[in-house]
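To start, the structure itself, in structure tokens.
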DNA sequence: CGCGCGATTGAGCACTATCAAGAGCAGTGG
DNA sequence: CCACTGCTCTTGATAGTGCTCAATCGCGCG
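Residue numbers (the working numbering), protein chains in the order written: chain P, 650 to 904; chain U, 650 to 904.
Okay, here's the thing in structure tokens:
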């Protein structure tokens, strides 16, 4: 049982180690945290904006997103999480929930009381730093999204989103997926890019006709990675802490 | 001389103390950091995207912004800093510069080698936490900007920006300014909201005609704070760590 | 087989961008 | 003291990207 949970925590530790060199004690301390694992359904909420933020979650499997609601009822997805990502580290460290977190697909999350996190950080400076840096990468992605939504047209925005996904998925999926599965509905893509579902639909069609991508159900296959990067004005530098370049792995293999 | 620099560092310490209770040793350690102070002109760059990020800066006086450039040459301002803010804490902690930082007005910055910051964090967990939280507030603001740009129309976006400013200025200006000085050109507002300068101009005019604000040169006077908050769909919660509500202080006094 | 959500399509409109030119103002130099 | 220069703000006309409303289609699921 213990080895099973260790196995599930591995992606998180790997990620933290990429940020800061951790010694055995650090790793052991992390693995011995009283995480509880739970299967969650698509659409279920992990947290809601305004909640007190008493826990801290990591995503073992599945995809999720963070969103905010505006006055008119509109929804803005502000980030997407893939397996190995922390869902609400910011909220936990801040003590308040500044956005809602919802599952995009069914999956499994690891949950921890926020107080444990605090104690861990105090006793393990290297882990502390790694956790900090993890939130900094998140912030860097936010800044890129501001730029993406503020200064690019629909086609570029969507292309950029797809590129970001592709790179981040390469990180967490092993072995690298032969094709690139995007579990987002067009409405979710719209909410993530500041567009409307209708316009996303038309833009995706146009991208298909240009030979950039193919789609089947909620699966996107990237046909022309280089062109997609160009269209999306995509430079993976903002994702930080990534292996030099992820482009070597063929993303364009067909199903 | 030492007391002068202590004076200049006070806003930073105040801010950090709001995040995490610091003991005497923490404060002393921070004050004794080898900051160097420097006057900088409007428009001068503090950092450029892609730089190695060897230093860490705080803003003693003046205003600055962080921006990114996109393929077409467009500029997106991703955040604005007021006195007492750290300019590139994220970059320093991350070891790479993910956006450029430029002065909006003349001002004075306090600079420190990034390595000092690292040592400080390792030895002072409470300071470490405070610095972390400071970047989390930044991230929270980024997320709000994503929402603002992605899901609000021009009028709301600008109103929201003004509201954010007003609240953050109340924090750092003492005594509270009788009117609210916005040192941004319309072009800068445009780059911060994802609009064009022309459209910002027209929207500001419309807001003036509605009695929301007045402008003189680069100064904005808020005439109807409550209405402006409503128009901007503004809820200061995302700014965190603020005194309960900043609205008590009259922002609408005339010049 | 019917239900329901997501994808698709069409028509018309609105918000915002683009292009271009003029006005106000501050700093500079003759 | 007065052009000169450059920047920001302002205004007009026009175009276009993306939105709204509405209906249809396709498909998985009970």
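Every residue gets a Cβ at the ideal spot worked out from N, C-alpha and C, and that includes glycine. Small disclaimer: the values here were computed from a predicted structure and weren't measured.
- prompt: Considering only C-alpha positions, which residue in the set P/765, P/843, P/751, P/834 is nearest to residue 695 of chain P?
  reply: Residue numbering aside, residue 695 of chain P sits at position 46 when the first chain is read from its first letter. For the options P/765, P/843, P/751, P/834, the alpha carbon positioned closest to that of residue 695 of chain P is the one of P/751.
- prompt: If the cut is a Cβ gap below 8 Å, which residues of chain U does residue 675 of chain P touch?
  reply: Within the first chain, the letter at position 26 stands for residue 675 of chain P. Per Cβ cutoff of 8 Å: no residues; residue 675 of chain P is ~13 Å from chain U at best.
field: Span of the alpha helix (DSSP H), counted from its first residue to its last, around residue 796 of chain P
entry: By one-based count along the first chain, residue 796 of chain P stands at place 147. Membership of residue 796 of chain P in the alpha helix (DSSP H) is indicated by the continuous run 774-800.
Residues within the stretch 724-737 of chain P neighbouring chain U, beta-carbon criterion of under 9 Å: Only 724, 725, 726, 727, 728 from the stretch 724-737 of chain P bring a Cβ to less than 9 Å from some Cβ of chain U.
- prompt: From residue 679 of chain U to residue 777 of chain U, what does the alpha carbon distance come to, in whole angstroms?
  reply: Counting from 1 along the second chain, the entry for residue 679 of chain U is found at position 30. Counting from 1 along the second chain, the entry for residue 777 of chain U is found at position 128. The alpha-carbon separation between residue 679 of chain U and residue 777 of chain U amounts to approximately 11 Å.
With 16 other Cβ atoms within 10 Å as the buried cut-off, status of residue 847 of chain P: Numbered from its first residue, the first chain carries residue 847 of chain P at position 198. Exposed: under 16 other Cβ atoms inside 10 Å.
field: Residue-level contact to chain P via CB, residue 683 of chain U, 8 Å cutoff
entry: Walking along the second chain from the start, residue 683 of chain U turns up at place 34. Not an interface residue.
message: Contact defined as beta carbons within less than 8 Å: I believe residue 728 of chain U pairs with residue 791 of chain U. What is the distance between those atoms, to the nearest angstrom?
response: Your numbering for residue 728 of chain U matches position 79 in the second chain. Your numbering for residue 791 of chain U matches position 142 in the second chain. The pair is a contact, with the Cβ atoms about 7 Å apart (cut-off 8 Å).
- request: Look up residue 688 of chain U in the DSSP assignment and give the residues it is bridged to.
  value: For this step, residue 688 of chain U is matched to residue 39 along the second chain. Answer is U/757, bridged to residue 688 of chain U.
task: Figure out for me which residue from U/731, U/725, U/765 has the closest Cα to the Cα of residue 742 of chain U.
output: For the purposes of this step, residue 742 of chain U is taken as the residue at position 93 of the second chain. Per the Cα distances, U/765.
task: Closer than 8 Å, Cβ to Cβ, to anything on chain U: give me those residues from the stretch 789-812 of chain P, in chain order.
output: Using a CB distance below 8 Å, the part of the stretch 789-812 of chain P facing chain U consists of 789, 791, 792, 793, 794, 795, 796, 798, 799, 800, 801, 805, ordered along the chain.
- prompt: Would you call the CB atoms of residue 725 of chain P and residue 712 of chain P closer than 8 Å?
  reply: Against the first chain, residue 725 of chain P aligns to sequence position 76. Against the first chain, residue 712 of chain P aligns to sequence position 63. In terms of Cβ geometry, residue 725 of chain P and residue 712 of chain P do not form a close pair [threshold 8 Å].
message: Please report the distance separating the alpha-carbon of residue 877 of chain P from that of residue 812 of chain P.
response: As a first step, residue 877 of chain P is located in the first chain; it is residue number 228 there, counting from the start. As a first step, residue 812 of chain P is located in the first chain; it is residue number 163 there, counting from the start. When rounded, the distance between both Cα atoms is 7 Å.
- prompt: Taking the alpha carbon of residue 654 of chain U as the point to measure from, which residue in U/854, U/755, U/885, U/685 has its own alpha carbon closest?
  reply: One-based indexing of the second chain puts residue 654 of chain U at position 5. With distances taken between Cα atoms, residue 654 of chain U lies closest to U/685.
- prompt: Mind checking if residue 743 of chain P is an interface residue toward chain U, Cβ cutoff 8 Å exclusive?
  reply: For the purposes of this step, residue 743 of chain P is taken as the residue at position 94 of the first chain. Closer than 8 Å to some Cβ of chain U, the Cβ of residue 743 of chain P qualifies, so yes.
- prompt: Measuring CB to CB, does residue 706 of chain P end up less than 8 Å from residue 760 of chain P?
  reply: Reading the first chain from its first residue, position 57 is the one you call residue 706 of chain P. Reading the first chain from its first residue, position 111 is the one you call residue 760 of chain P. Yes.
task: For the beta strand (DSSP E) holding residue 852 of chain U, just list the boundary residues, first then last.
output: Against the second chain, residue 852 of chain U aligns to sequence position 203. Looking at the DSSP string, residue 852 of chain U is not in any beta strand (DSSP E); the run it does join, the alpha helix (DSSP H), is 846-858.
Within the stretch 662-728 of chain U, ranges of the beta strand (DSSP E) (whole runs, at least 3 residues): Counting only runs of at least 3 residues, the stretch 662-728 of chain U fully encloses the following beta strand (DSSP E) elements, listed from N- to C-terminal order: 685-689, 694-696, 704-710, 713-718.
message: On a Cα-Cα basis, can you pick out the residue from U/889, U/856, U/851, U/736 that is closest to residue 704 of chain U?
response: Here residue 704 of chain U refers to the residue found at position 55 of the second chain. Ranking the options by Cα distance to residue 704 of chain U, first place goes to U/736.
query: Quick one, are the C-beta atoms of residue 880 of chain U and residue 808 of chain U less than 8 Å apart?
result: Indexing the second chain from 1 puts residue 880 of chain U at position 231. Indexing the second chain from 1 puts residue 808 of chain U at position 159. Yes, these two residues count as a Cβ contact at 8 Å.
- prompt: Below 8 Å between beta carbons: does that hold for residue 798 of chain U and residue 843 of chain P?
  reply: Numbered from its first residue, the second chain carries residue 798 of chain U at position 149. Numbered from its first residue, the first chain carries residue 843 of chain P at position 194. Taking 8 Å as the Cβ cut-off, residue 798 of chain U and residue 843 of chain P qualify as a contacting pair.
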